[in-house]
Structures are given as structure tokens and as C-alpha cells.
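Residue numbers (this note's numbering): 103 to 619.
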């Protein structure tokens with residue numbers, strides 16, 4: 103399945119707080135527009151939600167007195183007419199401003215079996231189903247009405263990598279099983295290891311001095327007996343806070359993630375998810391920030407990333423993680439977890455992450471690589487295949503026509519089968535604005551990235567049944583963050599994200615109908 107790949111040249115322009123760009127094709131400029139509700143993170147109002155997942159992206163069990171693991175901070179800033187607006191959500195007279203919280207503590211503490219305060223939302227005793235309904239409810243409170251589609255919030259995702267093989271909470275490649283039988287090893291300290299976290303919320307309030315803005319925070323721990331009021335101690339910990347960059351007006355989302363002995367595998371991402379339909383790894387109707395879904399090969403992502411602490415050698419820090427879903431026959435997903443497949447592409451920038459894809463380990467390589475000029479290079483062409491451009495590739499567990507050798511992706515950590523393409527800094531990807539070598543963009547190398555994600559993702563191998571129409575690669579989640587993978591010692595990662603935007607050609611934005619997988 104070969105095709106030529108046109109290398110696209112982008113010129114990005116920041117204008118009056120709105121991101122616009124121009125794509126040069128055969129010398130003809132095409133205007134680009136933002137696909138997100140909060141272009142470049144410059145909205146003065148807070149729209150942030152938090153979701154917590156167990157190993158298979160569900161709830162399983164709620165923590166007593168904490169509620170369903172969906173929370174939101176949606177706060178509007180109202181200032182008097184004599185306040186001077188500085189742009190980007192900044193004003194110079196805080197005494198003339200007030201805040202309005204659209205989500206309150208009663209909303210955030212709703213748990214399985216509770217009735218929703220307004221009609222149109224169904225209560226469930228099942229924690230998994232209640233959480234998906236709570237997300238829709240919180241989205242309705244946070245929703246911003248805009249053309250052509252409303253939007254709700256940036257999504258923070260935390261995930262516990264513990265997996266108790268003595269339970270049947272997680273399906274196997276989407277199939278419910280009566281017993282887990284596997285030789286794969288997973289961390290678990292015993293019964294209850296797959297718990298949800300305790301979450302604390304500092305609701306958005308006025309911050310700043312001469313320049314005033316909203317600021318707030320979510321933080322928490324998976325160690326249920328921890329007392330964070332004293333100190334974090336040796337417990338697991340995560341936090342995400344937000345405030346304005348007083349120079350640019352962009353939100354700065356500051357993240358911290360710490361593992362512990364009982365919780366050595368934790369994930370923390372900032373996500374731009376679809377405003378309706380499925381999103382990466384989530385097989386329910388969700389809410390988010392992407393008003394229009396980006397499709398390969400025509401989109402780019404802009405963000406500023408500043409990494410303070412990396413999280414140790416097992417921290418798979420994703421400069422970008424894009425997620426979607428399509429079936430092995432190329433058709434879009436429809437909610438059938440037996441035939442749907444979650445697809446991920448992840449750029450890992452931790453320089454300590456090695457390439458498992460090697461000439462002596464072809465099982466961790468995709469069957470072939472596509473060069474920037476469209477040339478197909480097979481993994482057994484050892485003189486030409488760029489092994490060091492890949493960390494690993496693994497195949498979906500429900501694929502029927504896999505090319506040997508192959509390795510199946512973990513069949514338990516998604517509600518359905520999944521396929522992973524994990525790539526590393528390399529000249530092969532640098533033509534699209536990605537890091538060229540190890541260390542680029544790492545600790546002490548703060549950068550604003552302009553990534554031609556559409557072009558790169560169109561070059562990646564994804565499995566498809568022979569003879570079927572190629573899938574449209576429409577991406578429902580764009581994520582930034584880290585997965586500290588089974589740390590041997592207690593590790594901490596710290597980083598900040600700002601200026602986050604997803605840009606689409608204006609002609610596709612205008613002519614294509616909203617589509618969602």
C-alpha cells in the first residue's frame with residue numbers, strides 16, 4: 103500500500119489572540135483555522151475537566167465519599183465596563199471583576215445512583231455508565247455555544263496502571279472473560295489495587311497583581327490512606343494547575359506526577375477530545391474541546407512544552423499522543439467493542455527511551471516504513487529501514503491477517519483491541535517539525551513546537567484487512583503528557599503546556615460536515 107507524501111510547509115501567525123496559518127501548496131496560500139474551542143488557550147474563562155480511568159479505561163469502583171471520577175472547573179470572569187481589558191483573559195483592575203462558577207461541589211460529588219439535578223440525564227447504579235453520563239452532564243453546564251459546534255472543556259486524564267489479574271473488571275480485546283489467563287506481568291499490590299484516586303479541587307479564583315486572571319487546580323493521590331494536608335510523603339501524587347501567561351495571554355497548565363511503591367505505573371495527560379462521540383481509548387459518547395476533528399494528512403498542532411523533571415528512565419513522555427478508532431476493514435467505529443480498534447500514534451521524547459525495534463527484534467517493528475518521499479521500506483531491509491525511529495509497534499488483538507513476526511498489543515488496557523505506533527526523535531520525522539535527535543525539547547530545552555501531525559500520521563503503518571478500502575484517519579484525541587511505566591523507584595515528572603492549538607485548512611473546515619469516530 104504505497105503512496106507519495108507531499109511535504110507541506112506551514113507559516114503560523116498569531117494575530118489578535120486568534121491563531122491563523124497559511125498552507126503553501128504549489129505556491130498558493132490557504133488559510134488555516136483553529137479546530138479547538140479555545141484557540142491557543144487564550145480564552146479568559148476556565149473550561150477544564152478531570153477524568154480518572156482504571157487500567158481498562160473504565161471506573162470499576164468509586165472511592166467512598168469522593169463520587170464518580172469526573173470533575174469540572176468551568177468559571178467565567180466578569181468585569182465591569184470601566185476595567186481595561188488587556189487581551190488573552192487579562193484585565194488590569196481586579197477590584198472590578200467577579201467570578202461565576204458554573205459547576206459546584208454538589209455537581210462534582212455526584213456518584214453512581216445519584217439523580218442529576220436537571221432532566222435529560224439518566225442515573226445508573228453501574229459506576230462505568232454513571233461516569234459517562236456525568237461527563238455529559240458536566241459538559242452541559244460548561245458548554246460554550248459557538249458556530250459551527252459548541253464546545254465544553256480541556257480534559258485532564260489520570261490513569262492507574264495497576265491490573266489485578268484475579269478480577270474480571272477488564273475485558274480481553276473487548277471480550278468479557280470469566281478468568282484472566284495470561285503470562286504478561288502487571289503491577290498490583292493485592293485486592294483493591296485498581297482503585298480510583300482521591301481528588302482535591304481548588305476552584306478557580308482571581309489571581310495576579312497588576313494583570314488579573316483566573317487560576318485554579320486539581321490534585322490528588324491513589325494512596326487512599328494518604329494525608330496530603332500534611333505532605334505528599336512517599337505517596338503517589340498528581341496535580342494540574344492553571345494560570346495565565348501575563349505576556350501572551352495563554353493558559354499555562356502546570357503538571358506534576360509522582361509514582362509510589364503501590365502505584366508504580368501512572369499516567370497524566372492534557373487532552374483535546376472530540377466535543378461529541380468517541381475519543382481516544384473511550385468507547386462512550388464524550389465531551390471535549392475539538393469542534394472539528396482533524397484528518398490526515400491536513401492538520402497541524404502548535405504547543406509550548408517546558409519539561410522540568412522527566413519522571414525517570416521509564417517515563418514515556420509524549421510530546422504528542424494522537425488517538426482514534428476504526429475497524430480492521432477500514433470502517434469507522436460504531437461502539438461494537440469486539441470489532442472496534444483504538445489506534446494510537448505517540449512521539450516519546452525521553453532520551454532514555456530506547457528502540458525496541460531492531461534488526462534482531464523485528465517483532466517490535468511495523469511491517470514497513472514509508473519515507474517522506476513515499477518509498478516503502480520493509481523491516482527486513484536492514485540497510486534501509488530506520489529502526490531507531492521507532493520505540494515499538496504492536497498489532498491489534500482482533501486482526502486476522504497479521505504478517506509474521508508480530509506482537510499483540512496489551513489486550514486488557516483498553517475496552518477493545520488496540521494498535522500502537524510509538525516513535526522516537528529522528529531525522530525521518532524532523533521534516534514534519536518533530537524532534538530530530540534525542541534530547542530535543544527535553545529538560546531545560548523549552549520549545550514552541552509547530553508539528554505537521556497530519557503529514558506524519560499519514561505515513562505511519564496501521565493494520566488493515568487485505569482488500570479493504572483504506573480507513574480515513576480522523577483523530578478524536580490530541581494529548582500531551584507522560585506515562586511513567588512501572589517505575590522501579592519513586593519518580594516524579596513536572597512540566598507545563600501552553601499555546602495549545604490544532605489547525606485545519608479552512609477549505610476542509612468549511613466544506614466537510616462534522617464527523618466523529
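We put the beta carbon where it would ideally sit given N, CA and C, even for glycine. Computed from a predicted structure; not experimentally measured.
- For the 7 Å CB-CB criterion, residue 453 and residue 544 form a contact.
- Residue 556 places its beta carbon less than 7 Å from that of residue 401.
- Straight across, the Cα-Cα distance linking residue 388 with residue 533 is about 34 Å.
- Here residue 340 carries a strand assignment [DSSP, helix/strand/coil].
- For residue 230, there is no enclosing beta strand (DSSP E); the enclosing alpha helix (DSSP H) covers residues 229–244.
- For residue 144, the number of other beta carbons within 10 angstroms of its own is at least 16, and it is reported as buried.
- Take the alpha-carbon of residue 474 and the one of residue 500: they are about 30 Å apart.
- By the Cβ test, the segment 352–365 is not in contact with the segment 560–577, since fewer than three Cβ pairs between them sit closer than 8 Å.
- In summary, residue 461 is exposed, with fewer than 16 beta-carbon neighbours lying within 10 Å of its beta-carbon over all protein chains present.
- Excluding the 5 residues flanking it on each side, residue 259 has same chain C-beta neighbours closer than 6 Å at 153, 371 and 373, in chain order.
- Residue 208 and residue 504 have their C-alpha atoms roughly 50 Å apart.
- In its chain, beyond the 5 residues on either side, 509, 511 and 522 have a beta carbon closer than 6 Å to the beta carbon of residue 496.
- Between residue 300 and the set 328, 237 and 263, the nearest pair of CA atoms involves 328.
- Cβ atoms of residue 275 and residue 524 stay farther apart than 8 Å, at about 19 Å.
- Check the Cα spacing between residue 192 and each of 202, 204, 256 and 179: the tightest is with 179.
- Residue 170 is a Cβ neighbour of residue 233, given a cutoff of 7 Å.
- For the pair of segments examined, the segment 334–347 was found not to touch the segment 234–250: the number of CB pairs separated by less than 8 Å stays below three.
- Collapsing the DSSP output to three states places residue 574 in coil.
- Note that the segment 152–166 touches the segment 282–297; at least 3 beta-carbon pairs, one per stretch, sit closer than 8 Å.
- Around the beta-carbon of residue 487, 16 or more other beta-carbon atoms lie within 10 Å, marking it buried.
- Contact holds between the segment 424–438 and the segment 576–595, because three or more Cβ pairs, one in each stretch, are under 8 Å apart.
- At a Cβ-Cβ threshold of 7 Å, residue 148 and residue 256 do not count as neighbours.
- For residue 485, same chain residues with a beta-carbon under 7 Å away, outside a window of 5 residues either side, do not exist.
- Buried is the label assigned to residue 537, since at least 16 other Cβ atoms lie within 10 Å of its Cβ.
- About 46 Å separates the beta carbons of residue 271 and residue 199, which is beyond the 8 Å limit, so they are not a contact pair.
- If you draw a straight line from the Cα of residue 241 to the Cα of residue 282, it comes to about 35 Å.
- Its Cα nearest to that of residue 268, the residue 279 stands out among 279, 261 and 492.
- Taken in chain order, the whole beta strand (DSSP E) runs of length 3 or more contained in the segment 318–376 are 339–346, 353–360 and 368–375.
- C-alpha of residue 216 to C-alpha of residue 322: approximately 23 Å in a straight line.
- With respect to the 7 Å criterion, residue 355 and residue 599 are classified as neighbours on the basis of their beta carbons.
- Around the CB of residue 593, 16 or more other CB atoms lie within 10 Å, so the residue is classed as buried.
- Distance from residue 263 to residue 229 at the Cβ level is roughly 19 Å; contact not present, criterion being Cβ atoms closer than 8 Å.
- Taking residue 383 as the centre and dropping the five residues before and after it, the same chain places the C-beta of 159, 425, 444 and 516 closer than 7 Å to its C-beta, in chain order.
- About 7 Å separates the Cβ atoms of residue 391 and residue 377, confirming a contact at the 8 Å cut-off.
- When DSSP reads this structure, residue 172 sits in a beta bridge with 153.
- Taking each of 416, 386, 246 and 331 in turn and checking the Cα distance to residue 435, the smallest one comes out for 386.
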